[in-house]
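One structure is given here, and the rest of the page talks about it.
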Amino acid sequence: MISVIVKGCYPYFSILAFCVIVWRIKAGLWNRRETIVLVCFAGHLLLEILQLIVGDGKWEISRRYLLPAAPLLFGWTAYGLRVLYLQYRFRIPAWCLWSAGCLALAILFFDGMAPSLKNYYSRRKHGELEVIAQAVPAIRANYVGPATDQVPAHRQIYHSHRRPVVWSEFPAVAFFAGGRSEPSPFCDTPDFWILRPNEPEPPARKLLEMNANGFCYILYQAVGTHRNPPEYEHDLRRNLSTLSAGI
């Protein structure tokens, strides 16, 4: 929980912001407008945590719910940078200040691009692409059934009606296969499973063993699902061509 809160405050900027807040309070420079901004930030944080405790009965939270309020802190970050610049601009050579600024920009750029760069330098992410490339054609070749199901819509829980249903730690497999990545809230049985060898086998037949960059996965198929209906093939071919272009 603590690590998620830290990441949700965007620590590259918020650490300096909290230092500035403490310094301004101790120096007697704090004012009411700052109190309003800080209360709004703290209130957002507390309400997000409380609604999960009350609604779901758990302390887990994703940082994506905290990031929208993080810019409330960035005013203090900018103020702190300005104070540091005015304090040290005549004591530190200009090239050092420019180098520090370029280094900070490089770190921020890398952090922003890290999710995309993982596809190239992360062994596991590259393995995920291999799983997708191997599993999608197998699902296409063996699934038979409707392109959508008839489960009624739920007002509070979003539910895609696309089929097949693929239970996997890689949601993109189901997307490129034209289906959805998990069962609906009404507990329909998956059409396919992608599991690790040490996980319990589902009540299904083993369809394919995949070696994805050193990681092993097994594709299982529920009994009673084989080839696709013709109207389903168009979407599958389109999604697979998109995947191939990305790889």
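16 is the number of the first residue of the sequence shown in the working numbering; add one for each residue after it. Heads up, the beta-carbon is just placed ideally off N, CA and C, and yes, glycines get one too.
Alpha carbon to alpha carbon, how far is residue j from residue i? Give it in angstroms, no decimals.
i	j	result
W5	I36	Since the displayed the chain opens at 16 and closes at 262, residue 5 lies outside it and no answer follows.
P100	W113	It should be pointed out that residue 100 corresponds to Tyr in this sequence rather than to Pro. Each residue's alpha carbon lies about 11 Å from the other.
Y173	V54	33 Å
A156	V180	15 Å
C34	E75	27 Å
V19	G193	33 Å
L88	G95	11 Å
I64	I30	21 Å
E145	S183	14 Å
R178	P167	14 Å
P152	W208	14 Å
K41	L61	25 Å
I107	A93	19 Å
V238	L222	11 Å
Q165	F191	21 Å
S137	I122	18 Å
P161	H176	10 Å
A187	E197	11 Å
What does the Cβ neighbour count give for residue i, buried or exposed, with the cut at 16 atoms within 10 Å?
i	result
P83	exposed
A57	exposed
W91	buried
H241	The pLDDT assigned to H241 is 46, lower than 50, so where the model puts this residue is not dependable; a value taken from the coordinates is nonetheless given after this. Exposed, by the Cβ-count rule.
L132	exposed
D71	exposed
V159	exposed
A150	buried
R195	buried
P205	buried
I147	buried
I68	exposed
I51	exposed
What residues match up with residue i in a beta bridge as DSSP calls it?
i	result
A219	A237
N228	Its beta-bridge partners do not exist; DSSP assigns none.
T163	R177
Any heavy atom of the ligand SAM closer than 7 Å to the CB of residue i?
i	result
V180	Looking for the ligand SAM in the displayed structure turns up nothing, as the structure carries no ligands at all.
Between the segment 118-127 and the segment 139-151, do at least 3 Cβ pairs fall closer than 8 Å?
Per the Cβ contact rule, the segment 118-127 is not in contact with the segment 139-151 (fewer than 3 Cβ pairs under 8 Å).
Which parts of the segment 181-215 are runs of the beta strand (DSSP E), unbroken and 3 residues or longer, counting only runs that do not cross its ends?
Here the runs fully enclosed are 207-210.
Three Cβ pairs or more, each shorter than 8 Å: is that satisfied between the segment 230-240 and the segment 208-215?
Flag = yes, the segment 230-240 and the segment 208-215 touch.
Do the segment 75-90 and the segment 22-29 touch if we need at least three Cβ pairs shorter than 8 Å?
Contact holds: three or more Cβ-Cβ distances are below 8 Å.
Segments of 4+ residues assigned as alpha helix (DSSP H) that fall wholly inside the segment 58-131
Residue ranges of uninterrupted alpha helix (DSSP H) with 4 or more members, entirely inside the segment 58-131 and ordered along the chain, are 89-103.
In chain order, which alpha helix (DSSP H) runs of at least 4 residues are fully inside the segment 25-56?
Qualifying alpha helix (DSSP H) stretches, in chain order: 26-41.
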